[in-house]
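In this note's numbering, the protein residues as written are -12 to 120. The C-beta atom is built at its ideal place from N, Cα and C for all residues, glycine as well.
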């Protein structure tokens, strides 16, 4: 669009103005950590590799499992499907082995004291060691 502007001193100046508008939709966003334990009716997720840091299978699991069904999940952008085939970090597997050893030692000690353990509480019941090995 061409407009003319009267300058304080001098002749009329003309310039071209271009209008740009970005479509915006009000939304609420949060991390996979914040989403844990919630069910979200319709969800748009982003599992593309972030510019810094990384995603692991737990992040992806939480993001994908927040909806009540796969027909309610949309992806914000394309992602590399190889991310779903990655293994767990060596540190995570070592920590899991360490916790498994501590659990066995605790059970043994409690049995030695005559106490029975009916259940072991875990903060991540989704994966067992045999599933992530």
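Which one or two residues does DSSP pair with residue i in a beta bridge?
| i | result |
| --- | --- |
| residue 61 | 31 |
| residue -7 | -1 |
So, helix, strand or coil for residue i, using DSSP?
| i | result |
| --- | --- |
| residue 16 | coil |
| residue 44 | helix |
| residue 119 | For residue 119, the predicted model reports a pLDDT of 45, less than 50, meaning its position is unreliable; a value from the coordinates is still stated below. Residue state, collapsed to three classes: helix. |
| residue 102 | coil |
What is the rounded straight-line gap between the Cα of residue i and the Cα of residue j?
| i | j | result |
| --- | --- | --- |
| residue 3 | residue -12 | 6 Å |
| residue 49 | residue 69 | 18 Å |
| residue -8 | residue -2 | 9 Å |
| residue 17 | residue 98 | 44 Å |
| residue 64 | residue 0 | 44 Å |
| residue 26 | residue 19 | 12 Å |
| residue 15 | residue 29 | 12 Å |
Does any heavy atom of the ligand FMN sit closer than 7 Å to the C-beta of residue i?
| i | result |
| --- | --- |
| residue 17 | The model on display carries no ligand, and the ligand FMN is accordingly not part of it. |
*Write down every uninterrupted run of the beta strand (DSSP E) in the region 51 to 96 whose length is 3 residues or greater and which is fully enclosed by it, in chain order.*
Fully enclosed beta strand (DSSP E) runs of 3 or longer: 60 to 62.
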